[in-house]
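Report on the structure given below.
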Amino acid sequence: RKEVEQDPGPFNVPEGATVAFNCTYSNSASQSFFWYRQDCRKEPKLLMSVYSSGNEDGRFTAQLNRASQYISLLIRDSKLSDSATYLCVVNWESNYQLIWGAGTKLIIKP
Amino acid sequence: EPEVTQTPSHQVTQMGQEVILRCVPISNHLYFYWYRQILGQKVEFLVSFYNNEISEKSEIFDDQFSVERPDGSNFTLKIRSTKLEDSAMYFCASSENLAGGNTQYFGPGTRLTVL
Numbered sequence: 001r002k003e004v005e006q007d008p009g010p011f012n013v014p015e016g017a018t019v020a021f022n023c024t025y026s027n028s029a030s031q032s033f034f035w036y037r038q039d040c041r042k043e044p045k046l047l048m049s050v051y052s053s054g055n056e057d058g059r060f061t062a063q064l065n066r067a068s069q070y071i072s073l074l075i076r077d078s079k080l081s082d083s084a085t086y087l088c089v090v091n092w093e094s095n096y097q098l099i100w101g102a103g104t105k106l107i108i109k110p
Numbered sequence: 111e112p113e114v115t116q117t118p119s120h121q122v123t124q125m126g127q128e129v130i131l132r133c134v135p136i137s138n139h140l141y142f143y144w145y146r147q148i149l150g151q152k153v154e155f156l157v158s159f160y161n162n163e164i165s166e167k168s169e170i171f172d173d174q175f176s177v178e179r180p181d182g183s184n185f186t187l188k189i190r191s192t193k194l195e196d197s198a199m200y201f202c203a204s205s206e207n208l209a210g211g212n213t214q215y216f217g218p219g220t221r222l223t224v225l
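Note that the protein sequences, when read in sequence, are chains A and B.
Mapping to the numbering used here: the first sequence position 75 is 75, numbers consecutive.
Mapping to the numbering used here: the second sequence position 105 is 215, numbers consecutive.
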């Protein structure tokens, strides 16, 4: 069964705080991992790909743990504009098909 | 910055009617995709398309659905006889290649409402 699981939230976080999300996936053969963000009623937008060694892009850090089959996203110094739903996305047997988590809703409060 | 475009932004149709949703992928991209998202639910993969043929499709993509690249720029999704449960946001995406993990770029979506 194709499963990508996320805590739906919402996470209510004060501006400036650090917040972390996890996501678990069921297919140990998955090779590509991504975090997308989706604003209400808009298209998903790529936030970052997740590499085996972990990667950082400004305030955002992504980690992959293959042994436990989870990926994480850390947001430091959160801003009001970070409020969105964060979608964990994993490829399946092939690279064509991406399987999506239901998303974690983040609300940053002033 | 190049982007995926979709038309129309909103389509309202009667149950049983055929609809065609249109997409213009990013021009140097070779792989094209359709996804749907029912309101409040997950994004769901429908189909991928490469080299003028379907490369993969999900269980959702049954005989009611078809895709086509009628010319060098458009990529269309046809739903032959719409049902109420086809009401959703339909996103088109494209990617340059499968190397580097297949980063897909999404269009703004077409909201399909079946009455």
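Note that CB positions come from ideal geometry on N, CA and C, so glycine has one too.
On a predicted model such as this, the values are computed, not experimentally measured, just so you know.
**OP:** Would you please verify whether the beta carbon of SER197(B) is less than 7 Å from any beta carbon of chain A?
**Re:** Position 87 of the second sequence, counting from 1, holds the residue named residue 197(B). Not an interface residue.
Original post:
Would the beta-carbon of VAL153(B) fall within 7 Å of that of PRO135(B)?
Top reply: Taking the first residue of the second sequence as 1, we reach residue 153(B) at position 43. Taking the first residue of the second sequence as 1, we reach residue 135(B) at position 25. For VAL153(B) and PRO135(B), no; Cβs fall outside 7 Å.
Original post:
Could you give the distance in angstroms between the alpha-carbon of LEU140(B) and the alpha-carbon of GLU206(B)?
Top reply: The count along the second sequence starts at 1 and reaches residue 140(B) at position 30. The count along the second sequence starts at 1 and reaches residue 206(B) at position 96. Going by the C-alpha atoms only, they are around 5 Å apart.
Subject >> Per-residue burial, ILE107(A) [other beta carbons within 10 Å of its own, 16 or more giving buried] >> reply: If you number the first sequence from 1, residue 107(A) lands on position 107. Counting Cβ neighbours within 10 Å, ILE107(A) comes out exposed, since fewer than 16 surround it.
Subject >> Beta-carbon proximity check, PHE185(B) vs PHE201(B), cutoff 7 Å >> reply: Against the second sequence, residue 185(B) aligns to sequence position 75. Against the second sequence, residue 201(B) aligns to sequence position 91. Not in contact: PHE185(B) and PHE201(B) (Cβ atoms no closer than 7 Å).
**OP:** Taking only beta-carbon positions, decide if PRO218(B) is within less than 7 Å of chain A.
**Re:** Translated into positions along the second sequence, residue 218(B) becomes position 108. True, the Cβ-Cβ gap to chain A drops below 7 Å.
Subject >> CB contact flag (TYR25(A), VAL4(A), <7 Å) >> reply: Walking along the first sequence from the start, residue 25(A) turns up at place 25. Walking along the first sequence from the start, residue 4(A) turns up at place 4. For TYR25(A) and VAL4(A), yes; Cβs fall inside 7 Å.
Original post:
Do THR104(A) and GLY9(A) come within 7 Å of each other at the CB atom, strictly closer than that value?
Top reply: Mapped onto the first sequence, residue 9(A) falls at position 9. Mapped onto the first sequence, residue 104(A) falls at position 104. Against a cut-off of 7 Å, the Cβ pair of THR104(A) and GLY9(A) comes out as a contact.
Subject >> Cutoff 7 Å: TRP35(A) Cβ touching any chain B Cβ >> reply: Counted from its first residue, the first sequence places residue 35(A) at position 35. Output row for TRP35(A): interface = no.
Original post:
Mind pulling the chain A residues with CB within less than 7 Å of VAL165(B)?
Top reply: Taking the first residue of the second sequence as 1, we reach residue 165(B) at position 55. One point to set straight first is that residue 165(B) is Ser, not Val, in the sequence displayed. By Cβ distance, chain A contributes TYR96.
Original post:
Since SER158(B) meets chain A, which of its residues come closer than 8 Å, beta carbon to beta carbon?
Top reply: By one-based count along the second sequence, residue 158(B) stands at place 48. Residues of chain A passing the Cβ test: TYR96, GLN97.
Subject >> Integer-rounded CB distance, given that LEU187(B) should sit under 8 Å from PHE175(B) >> reply: Position 65 of the second sequence holds residue 175(B). Position 77 of the second sequence holds residue 187(B). With 8 Å as the limit, PHE175(B) and LEU187(B) qualify as a contact, their Cβ atoms being about 7 Å apart.
Original post:
Taking Cβ positions only, does PHE142(B) come closer than 7 Å to chain A?
Top reply: As a working note, residue 142(B) is residue 32 in the second sequence. Not one chain A Cβ lies under 7 Å of PHE142(B).
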